[in-house]
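Residue numbers (my numbering), protein chains in the order written: chain A, 1 to 327; chain B, 1001 to 1277.
Here the structure comes first, spelled out in structure tokens, and everything after it is commentary.
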Amino acid sequence: MIIFLLRRFLTLIITFFGITIISFSIIHLAPGGPLSPFTEFNPKITPEYREKLIKMYGLDKPLYIQYWNWLKGIAKLDFGKSFSLDQRPVWDKIKERLPITIFINALSLILILLFSIPLGVYSAVRAGSVFDRITTVITFIGYAMPSFWLAIILMMIFGVKLQWLPISGLHSTIGYEEMTTLQKIWDWTKHLICPLFVATFGGVAGVLRYVRNSMYEVLKADFILFAKAKGLPDKVIIYKHALRNALLPLITILGLSLPGLVGGSVIFETIFGIPGVGQLMWQSVMARDYPVIMANLFLISLLTLLGNFLADIGYALADPRIRLENK
Amino acid sequence: MKEILKDLIRHKIGLFSLITILILVVLALFAPYLSPYDPFEINVNEILLPPSFKHPLGTDLLGRDVLSRMIYASRISLEVSLVAVGISIGIGVFLGSLAGYLGGMVDQIISRFIDIMLCFPTIFLILAVIAYLEPSILTIMIVIGATSWMGVARLVRAEILSLKERDFVLIARVYGAGTFRIIFKHLLPNALPPILVSASLGLGQAILIESALSFLGIGVQPPIPSWGNILIEGKETLEVAWWLSVFPGFAILITVLAFTLLGETLQEILNPRKEIK
């Protein structure tokens, strides 16, 4: 087990450096260097000031030294200052938004599991039934559904037509301060229903299909036949013998689906006006605020990497075959 | 190839997706003849008209015919997704076959590179790259292609890895065939079925990404119509013009669904090991 952990940790380190190198290369992708988009469109910036900026950001040094300095910076969570008018440190901007994005994604992950596992198991047990067919259809629609369209349709139905739910923001702006804690929670819930639905829908499709197929395969295995031959009741066979085996690889699948889930944040946060990292990413792309864009890209991929790592460890802990095989 | 087509037509879902895609291709190819109006023509007297006989899908904020714009948009979507998938398959096949055939250090480096690329949420990566470039149709084709090849690469690598020790490859090598000849002539044709499947699924995904980018304002730029950027107006006029958001989104859904189902059906048909259910 220790050897397995060490090996996984080593790949984690290598992947981490890979992420930093790719992020760093994208910064230098801009023709004329990372400053050019900032300075070229800005008439106020004279060639002298440009020189000063280049010195200030250390852009006159060789690339490997720039990379090293950038690495030293991010180790201290120093991503430079935003190009926007407020010129705040990038990390401060991200810090206040990160919890919101993580909170919503964690919640939607829980919802995805809550819906897809029971539905998937039931579909597999009743393979070929009407129920199974309906969930299959829903799965494919979930795959193909453009999430931004789903968001707009939800806004149209529940926000505009029925006026049941607010369509923008995390909480009300008027009268929010005077609310009691309970009212505040209710206010948050109402604001979160639509975004959470959008964030969850696509994920349920993928995971449900996975659970169904995995369960379906396991139910055909010899040890299930054996359990049946022993005369065990169906319930015990399904929930005790089959489910455990079917759900094991799910840990890895969840780890792999993290990037997609987090990527969805850009879309639903932008549409529903939720002040998370996804919205910040979109805003800074529109404003060409490069320090913020790069820090966002780097931090989000770092989080994904950690999520994958934890999923791998979790899988190895749950399944002895994996950790023994990798010795 | 003929056999595959025959199987597809016999398969109910396969037939549905094939017909949908065929309609789409016809619409895209003959857009100038099939669209009732000029998609760029602004008409201030016909702003935000609901669907009627004259304008089956209504008109937009500038009085342009939505049906005509959507027909032209199918062109853009197909173009973008075809080129993007072409690029991603090209990169994927190249890196995947190198990794699978050469093995060792090369395989290690390429596989690690794939793992690293997979850590970046696609949308974030695309946004970061596009921020440095002028948004144009060519840009998004290249960027989507360059960020979606990892699945194909893994698949080709696995396929070649499983084939390269077979007798027919050894014989080819004994006859003095070079590395590239073995890869392209002997190994890749065997990997074709799974590549075909992932191309079909990839086309759907590329259309989804393109429309999302256009909706976010960094993909296809107006006045060129795209299903995604028609939806921008749809969101702005949510309260008065439902047709501007309902129809383009539905078109995306059906198109992506068709490509996804085609991919799934192909997988069933082409994979003899998998039991058809």
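By construction, the Cβ of each residue, glycine as well, lies at the ideal position given by its N, Cα and C atoms.
- In the structure shown, residue 173 (chain A) falls within a coil segment according to DSSP collapsed to helix, strand and coil.
- Chain order gives no chain A residues near residue 1226 (chain B), where near means a beta carbon separation below 7 angstroms; the closest approach is about 12 angstroms.
- Three or more beta-carbon pairs separated by less than 8 angstroms are not found between the region 289 to 298 of chain A and the region 212 to 229 of chain A, which leaves the two stretches without contact.
- In this structure residue 212 (chain A) is in contact with residue 120 (chain A), their Cβ atoms being roughly 4 angstroms apart against a cut-off of 8 angstroms.
- The contact set of residue 1149 (chain B) on chain A, defined by CB atoms closer than 9 angstroms, is empty, because the minimum CB distance reaches about 14 angstroms.
- Taking a cut-off of 8 angstroms for Cβ pairs, the region 1012 to 1023 of chain B and the region 1210 to 1225 of chain B do not touch, as fewer than three such pairs fall below it.
- Of all C-beta pairs linking the region 1088 to 1106 of chain B to the region 1156 to 1175 of chain B, three or more are shorter than 8 angstroms, placing the two stretches in contact.
- Counting along the chain, the unbroken alpha helix (DSSP H) around residue 91 (chain A) starts and ends at 90 to 95.
- Sequence-ordered contacts of the region 103 to 125 of chain A with chain B are nonexistent [C-beta pairs closer than 8 angstroms].
- Of the other Cβ atoms in all chains shown, fewer than 16 fall within 10 Å of the Cβ of residue 129 (chain A); this residue is therefore exposed.
- DSSP links residue 1059 (chain B) through a beta bridge to B:1065.
- As for any alpha helix (DSSP H) of minimum length 4 sitting wholly inside the region 150 to 226 of chain A, the runs are 181 to 219, ordered along the chain.
- A residue is called buried once 16 or more other Cβ atoms fall within 10 Å of its Cβ, and residue 28 (chain A), having fewer, is exposed.
- Annotation: the continuous alpha helix (DSSP H) that includes residue 310 (chain A) extends over 290 to 318.
- The Cβ neighbour count for residue 70 (chain A), taken over all protein chains shown within 10 Å, is at least 16; the residue is labelled buried.
- The region 301 to 314 of chain A and the region 1130 to 1141 of chain B do not touch, with fewer than three beta-carbon pairs separated by less than 8 angstroms.
- A Cβ of chain A is located within less than 7 angstroms of the beta carbon of residue 1245 (chain B).
- The beta carbon of residue 1203 (chain B) lies closer than 6 angstroms to those of 1081, 1085, 1259 in the same chain, with the five residues before and after it left out.
- Within the region 1207 to 1231 of chain B, no complete alpha helix (DSSP H) segment of 4 residues or longer occurs.
- Residue 1119 (chain B) places its beta carbon 7 angstroms or farther from that of residue 23 (chain A).
- Apart from the 5 residues on each side of it in sequence, residue 259 (chain A) sits with its Cβ closer than 7 angstroms to the Cβ of 304 in its chain, given in chain order.
- Taking a C-beta distance under 7 angstroms as the contact criterion, residue 112 (chain A) and residue 252 (chain A) do not qualify as a contact pair.
- Collapsing the DSSP output to three states places residue 1185 (chain B) in a helix.
- Fully enclosed alpha helix (DSSP H) runs of no fewer than 4 residues occupy 90 to 95, 98 to 125, 130 to 144 of the region 80 to 151 of chain A, in order along the chain.
- By alpha-carbon distance to residue 1262 (chain B), the top candidate from B:1225, B:1199, B:1150 is B:1199.
- Within chain A, no residue has its beta carbon less than 8 angstroms from that of residue 1012 (chain B); the closest one is some 12 angstroms off.
- Spatial neighbours of residue 1173 (chain B) in its own chain (CB-CB distance under 7 angstroms, excluding positions within 5 residues in sequence) are listed in chain order as 1182.
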